[in-house]
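First up is the structure itself, then whatever we jot down about it.
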Amino acid sequence: MSIISVENLSFSYSNDTVTTNGTASASGAKKAVDNVSFEIEEGSYTALVGINGSGKSTLTRIICGLLKQNEGTVKIQDNMRIGLVFQSPKDQLVSGIVSRDTAFGPQNLGLSQSEIELRTIESLTVVDLLEKAQSATAALSLGQTQKVALSGMLAIWPDILILDEAVAMIDPDSRESIFEFLRYWHREGNTIIHVTHDLDAIKEAENIIGMNEGKLFFNGTSEEFFSNSDYEQMIMGPSLRELKRSFTADHDETADEVESNSQKELTLRFSNVSFSYDSTEDVHTLSNLNFNLYKGTLTAFTGPSGAGKSTVMELACGLLKANSGEIFCKSIPVLAQQNCSSALFESFAADDVAFGPRNLGIKGKELKQRVVAAMEAVNLPYNMFGDRQTVQLSGGEQRRLAIAGILAMDSDIVFFDEPTAGLDGKARYDVMCLLRKLAEQGKTVLFSTHKRDEARFADREIGIEKGQLVFDSAEDDEAIFESELKANPDANTLDSLTKLEPYPFETTLTRLRNVTSSLSGTKRKSKSIVEKLPAAIRILLFLLLFVCSLAVRPVWLCAAMLFVSIIYCKLAGFSLKRLLLVSIKILPFLLLFSVFQMIFHPALEGETAFTTWKWFYVTPSKLLFCLATILRTYASLSCISAFFISTPEYDLIDGMSILLKPLALIKIPVRYLILIAEIIFRFIPLLVDEASDIIKTQIIRGSFGQVRGIFAKIRAVMPLIVPLIIQTVKRSEALADAITMRCFK
212 MSIISVENLS
222 FSYSNDTVTT
232 NGTASASGAK
242 KAVDNVSFEI
252 EEGSYTALVG
262 INGSGKSTLT
272 RIICGLLKQN
282 EGTVKIQDNM
292 RIGLVFQSPK
302 DQLVSGIVSR
312 DTAFGPQNLG
322 LSQSEIELRT
332 IESLTVVDLL
342 EKAQSATAAL
352 SLGQTQKVAL
362 SGMLAIWPDI
372 LILDEAVAMI
382 DPDSRESIFE
392 FLRYWHREGN
402 TIIHVTHDLD
412 AIKEAENIIG
422 MNEGKLFFNG
432 TSEEFFSNSD
442 YEQMIMGPSL
452 RELKRSFTAD
462 HDETADEVES
472 NSQKELTLRF
482 SNVSFSYDST
492 EDVHTLSNLN
502 FNLYKGTLTA
512 FTGPSGAGKS
522 TVMELACGLL
532 KANSGEIFCK
542 SIPVLAQQNC
552 SSALFESFAA
562 DDVAFGPRNL
572 GIKGKELKQR
582 VVAAMEAVNL
592 PYNMFGDRQT
602 VQLSGGEQRR
612 LAIAGILAMD
622 SDIVFFDEPT
632 AGLDGKARYD
642 VMCLLRKLAE
652 QGKTVLFSTH
662 KRDEARFADR
672 EIGIEKGQLV
682 FDSAEDDEAI
692 FESELKANPD
702 ANTLDSLTKL
712 EPYPFETTLT
722 RLRNVTSSLS
732 GTKRKSKSIV
742 EKLPAAIRIL
752 LFLLLFVCSL
762 AVRPVWLCAA
772 MLFVSIIYCK
782 LAGFSLKRLL
792 LVSIKILPFL
802 LLFSVFQMIF
812 HPALEGETAF
822 TTWKWFYVTP
832 SKLLFCLATI
842 LRTYASLSCI
852 SAFFISTPEY
862 DLIDGMSILL
872 KPLALIKIPV
882 RYLILIAEII
892 FRFIPLLVDE
902 ASDIIKTQII
912 RGSFGQVRGI
922 FAKIRAVMPL
932 IVPLIIQTVK
942 RSEALADAIT
952 MRCFK
């Protein structure tokens, strides 16, 4: 029996259509889906394949009702629950805590608390994240975030499960465990549609639907698909093994020239580097890392999701500051980040690629040449993609454009974090070929990957697990260093390198991380006296103190409330030293505000004026009024600080649920109020994380430089505003889609 029937389906993105939601008109735009028809049988396992930009994700969003087609029909069997795991995992998370995010869907289904807990445990176990159940979602690696997104969808037990590149960023062991679960899920009679470029994932399917330029080129069984080598070649691309052989042959022919050019010149060195994030106890801790990188080499960085690969790269690029140890380099490396959507902050593709070179002072003809060359290198021709809006590019096209923006910098040391995640076979082949060419040009290239053939393609593989180096195909890196030092002492001494110093804005990134950890409650190692109180009591205590701090008027009562608020801070575990520093920082603004109060606040009749100057004069009542205002401000600020340090998101939501129960009894939909609070708490760290990624990208691409002084920092931050607004709109639309797919009504 057919569970999904698609007939003559067409869809076009108009110029003002955002890819995450809405209806589009077909006003002359190229069709993303072009007259597509097919049926999917109940209980079948189907792989939806095609190169990047072929319309696969658009098709799945139409099937799920997140986009409305221009033409044709989609029929879904009655009472079928559809679950869609998004291509961008951060778009799918609703809650700031792993277990609560997984439980969100079952809660919307109205299940009992015991059933919700059981589904949460089962789903997190499937993706191997049960030990992270109480961790903040914002503190996870992108691969772990992809696992959380999958667990949240599995928890609603969908009849039709659609996976849009849902295992692209997950390590091989975790991917195999997910495949094992999907086999079980299929045996239970559920329908699976897997949008993928991964050969192993394609082989799991019974049926395959192939798309190219919005149209179907294949609809049949897996056996029929693999019997035609052209189909497999189209999706998987050429073999990396053959590519390496061709490069190796070329290398052998020019071995003498390579040797004479000292291709083993030391360019970067990690010496006993250790690091841990202040915001958590257990995430991305690195211990005593020692390794070297050399000129003209291509190195693969491997390890499971959350092992610390991205952290190592950010340390080497000056985006993080090591707790101990030293990093030396020839020049500061540049990094193509894993989260490519946040790395694109200009409206048009060519402008985004030009951002870095323009900050380097490159203009005119030379600037255009760099942009054209970088876009051509990643197979996004300037003439075709230069004026395309970045938000309307497919996930694979966005990843390639982010790489182009880094290539345009023309740096000597280049890092790529999961550069082929989500790319089709041909695009993956092109990217790996590009990395090899960069190395042959004399650049030092390091890339992280979960794919074994990509790791074998590199000159060298470095493996990391739980923050420690566990494998190095160079066997003895120090022996190589000593050998190269003897062969070329001038080029390979540490004197030829410079000690890496973090960018000045690294402290800003640290503060942004602390905001997220404070909201999630992951930063505290032990509970304060206030935090031990029930969540509902904490909320009531805060509201009482906060309202009183704003309501009191006499100076002595304001002083008393400030004293009570300081005690509240102490009992809540908020540092009084930190409170004092914050109070000193805002005091100039309060004094400035007091000057305006002196002007506009009326004096009492007959009272003495201490000083008079035109309309500005000082009287005892005005002084007392200003003093009371300052005291009330400090008291309310102390209350807010104490509350947020002692009441993380999950406690606030629990407390609200208890306090609003009486309203639920009289049929007031309190679930909406709780959801709003939950979304706010989810959205704040999401935007903070977004801002952090944008800052990282702009630092890497030369926007901030060595910024000194408060006004210089303000000017430097201004370019963040427009990209952050754009990302806010995108994230809000994506979050609305995520809530819809998680059964909220």
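Position in the sequence shown (from 1) plus 211 gives the number in this note's numbering. Backbone N, C-alpha and C define an ideal beta-carbon position, used for all residues, glycine too.
Which residue from VAL406, LEU531, LEU782 puts its Cα closest to that of LEU372? VAL406
What whole-angstrom Cβ distance do LEU946 and ILE890 have, given they're in contact under 8 Å? 7 Å
Can you tell me where the beta strand (DSSP E) holding MET380 begins and where it ends? Element bounds for MET380: n/a, residue is neither H nor E.
Counting C-beta neighbours from all protein chains within 10 Å, is the total for ILE869 16 or more, i.e. buried, or is it exposed? exposed
What residue from GLN808, ILE675, LEU751, ASN501 has the CA that sits closest to ASN483's CA? ASN501
Judging by CA-CA distance, which residue of CYS644, SER776, SER857 is the nearest neighbour of PHE757? SER776
On the criterion of 16 or more Cβ atoms from any shown chain inside 10 Å, does GLU435 qualify as buried, or is it exposed? exposed
So, using beta-carbon positions, are VAL359 and VAL309 closer together than 8 Å? yes
Please report how far the alpha carbon of SER707 lies from the alpha carbon of ILE675, in whole angstroms. 28 Å
Could you name the residues of the same chain whose beta carbon sits closer than 6 Å to that of VAL583, not counting the 5 residues immediately before and after it, in chain order? TYR593
Span of the beta strand (DSSP E), counted from its first residue to its last, around THR432: 426-432
With a cut-off of 8 Å on the beta carbons, I'd call ALA783 and ALA853 a contact; round off their distance for me. 4 Å
Nearest candidate by alpha-carbon position, reference LEU320, set GLU376, ARG599, GLN603, MET364: MET364
Cα separation between ALA561 and LYS579? 9 Å
Looking at C-alpha atoms only, which residue of ALA638, LEU863, GLN909, ILE810 is the closest neighbour of MET447? ALA638
The alpha helix (DSSP H) with ALA839 in it runs from where to where? 831-857
By alpha-carbon positions, which one of LEU791, LEU884, VAL881 ends up nearest to LEU848? LEU791
Assuming GLU629 contacts SER605 under a Cβ cut-off of 8 Å, what Cβ separation, rounded to an integer in Å, is found between them? Their Cβ separation, rounded to whole angstroms, is 17 Å, which puts GLU629 and SER605 out of contact at 8 Å.
First and last residue of the alpha helix (DSSP H) that includes CYS954? Looking at the DSSP string, CYS954 is not in any alpha helix (DSSP H), and its letter there is neither H nor E.
Best match in PRO317, PHE836, ILE864 for proximity to PRO369 [C-alpha to C-alpha]: PRO317
For THR844, which residues in the same chain have their Cβ closer than 7 Å to its Cβ, ignoring the five residues on either side in sequence? LEU801
What residue range is occupied by the uninterrupted alpha helix (DSSP H) comprising LEU410? 410-415
Check LEU784 in the structure and name its three-state DSSP category. The sequence as given places Gly at residue 784; Leu does not occur at that position. Correct three-state label for GLY784: coil.
Reference ILE381, options ALA518, ARG569, PRO831, closest by Cα: ALA518
With H, G and I counted as helix, E and B as strand and the rest as coil, what does DSSP make of GLY606? helix
On the three-state DSSP scale, how would you describe THR719? helix
Would the beta-carbon of ALA839 fall within 8 Å of that of CYS769? yes
According to DSSP, residues forming a beta bridge with VAL260: GLY421
Pairwise C-alpha distance: ILE905 and VAL940: 15 Å
Close-in-space but distant-in-sequence residues of the same chain around GLN474 (CB under 8 Å, 5 per side omitted): Bear in mind that a pLDDT of 49 at GLN474, under 50, signals an unreliable position, so the model cannot answer this.
Excluding sequence positions up to five away, which residues of its chain have a Cβ less than 6 Å from the Cβ of ASP289? none
Starting from VAL681, follow the beta strand (DSSP E) in both directions and report where the run begins and ends. 679-683
Three-state secondary structure assigned by DSSP to GLN917: With a pLDDT of 49 at GLN917, under the threshold of 50, the modelled position of this residue cannot be trusted, and the question is left open.
Excluding the five sequence neighbours on either side, which residues of its own chain have a C-beta within less than 8 Å of the C-beta of ASP245, listed in chain order? SER221, GLY266, GLU424, GLY425, LYS426
Distance CB(LEU479)-CB(ASN503) smaller than 8 Å: yes
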